[in-house]
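Our numbering puts the first residue of the sequence shown at 23, with every later residue one more than the last. Every residue gets a Cβ at the ideal spot worked out from N, C-alpha and C, and that includes glycine. Treat the numbers as computed from the prediction; the structure is a model and nothing was measured. Scroll down for the structure; my scribbles are underneath it.
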Amino acid sequence: MQFLRTFFNCLIFSAILMLSQLYAADYQAGVKAGFNSGMGWQLHGQVENFSRGLPFAARLEIGRSGLNPGDAGAARRIFINDATNGIPQKSGSLWNYRFDLVFPAKINQLPNAKWLAGPRYSKFRGNFKYVGGNEDFDVTSTQWGMGVGLETAFPLSRKLNLQVVSGFDYYFKTMLQGHDTAYSPAGEDVNPRDDYSFEDADKAINQPGIELRMVVGFSYRF
């Protein structure tokens, strides 16, 4: 995991360094909405033709989704206590950050299709509240991952495109933290309750794993 973090950090640093030396590049910005672990939105900026001979564009993207955070009853038992009083309420959110290299895709039926591939980073937060039970706590995690996708563009004008994107992201399992308790895939738990383990926490909490992405939006070329 440390190797992957170092690799991704070096990759992103190299991309920033490369983009800082742009000459005669083309720029694109876009906004999309749809399903990405849950319903949400995404914003991206893209740079093309920043170096002769490189067949790809570079894209940075940020997005937010709302999602079901998991099993409220199990979350309470695993992270807090065995109480059952109160009416459970729950909500979840996911901030996701992605860096993609964008390559032309040679698909006859989709003349403007492109492949996307690159690292991912997410910040998950699930809130569990028990009305009348005096419990209100968050379970959080941050994860690195990798993803691929296929994008199709439909020109609406010389500079404006309709974009349709589908793909999959995979996030590596990481520590889940809630209240004063944490469960780690490596077994380095903090104040674990009873005989619960990371496997129990991971089953109860819907932190990202293998995630489907299907979004639609618009891009504008400057």
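For threonine 174 and asparagine 134, believed in contact at Cβ under 8 Å, the rounded distance: 6 Å
Please report the distance separating the alpha-carbon of valine 187 from that of phenylalanine 57. 10 Å
Buried or exposed: which applies to arginine 81, given that a residue is buried once 16 or more other Cβ atoms fall within 10 Å of its Cβ? buried
Please determine if the segment 109-127 and the segment 84-100 are in contact, where contact requires at least 3 C-beta pairs separated by less than 8 Å. Flag = yes, the segment 109-127 and the segment 84-100 touch.
Please go through the segment 172-236 and give each complete alpha helix (DSSP H) segment of 4 or more residues, from N-terminal end onward. 220-226
6 Å Cβ shell around proline 177 - same chain, five flanking residues per side excluded: Cβ neighbours of proline 177 beyond the five flanking positions: Asn183.
Simplified DSSP assignment, three categories, for glycine 155: Note: glycine 155 maps to coil in three-state DSSP.
Here's the rule: buried if 16 or more other CB atoms are within 10 angstroms of the residue's CB, otherwise exposed. What is phenylalanine 244? Result: exposed.
Which whole-angstrom value describes the C-beta separation of serine 241 and glutamine 50, a residue pair presumed to lie in contact below a C-beta threshold of 8 Å? 5 Å
Per DSSP, what kind of secondary structure is alanine 51 in: helix, strand or coil? The answer is strand: DSSP assigns alanine 51 an E or B state.
Rounded to whole angstroms, what's the CA-CA distance from alanine 127 to glycine 62? Just pull it up for me. 26 Å
Anticipated Cβ contact below 8 Å, proline 207 with threonine 196, distance rounded: Contact flag correct, Cβ pair sits at about 7 Å.
Can you name the start and end residues of the alpha helix (DSSP H) that alanine 96 belongs to? Per DSSP, alanine 96 belongs to the alpha helix (DSSP H) from 94-101.
Cβ pair tryptophan 166, phenylalanine 194 closer than 8 Å: yes
Does the Cβ-Cβ distance between glycine 209 and aspartate 160 come in under 8 Å? no
Which of helix, strand or coil does DSSP assign to phenylalanine 78? coil
Distance, Cα to Cα, isoleucine 227 vs serine 144? 15 Å
From the DSSP output, which residues share a beta bridge with alanine 135? Thr174
Taking DSSP's pairing of strands, which residues face proline 91 in a bridge? Note: proline 91 sits in no beta bridge, so no partner.
If the criterion is Cβ atoms closer than 8 Å, does the pair glycine 239 and lysine 112 meet it? No. Outside cutoff.
Cut-off 6 Å between Cβ atoms - residues of its own chain near phenylalanine 146, not counting five sequence neighbours on either side: Hits under 6 Å: Leu116, Ser163, Gln229.
Using the Cβ count rule (16 or more neighbours within 10 Å means buried), how would you classify valine 212? exposed
Using the C-alpha atoms, what's the distance from isoleucine 232 back to aspartate 222? Using only the alpha carbons, I get a separation of about 18 Å.
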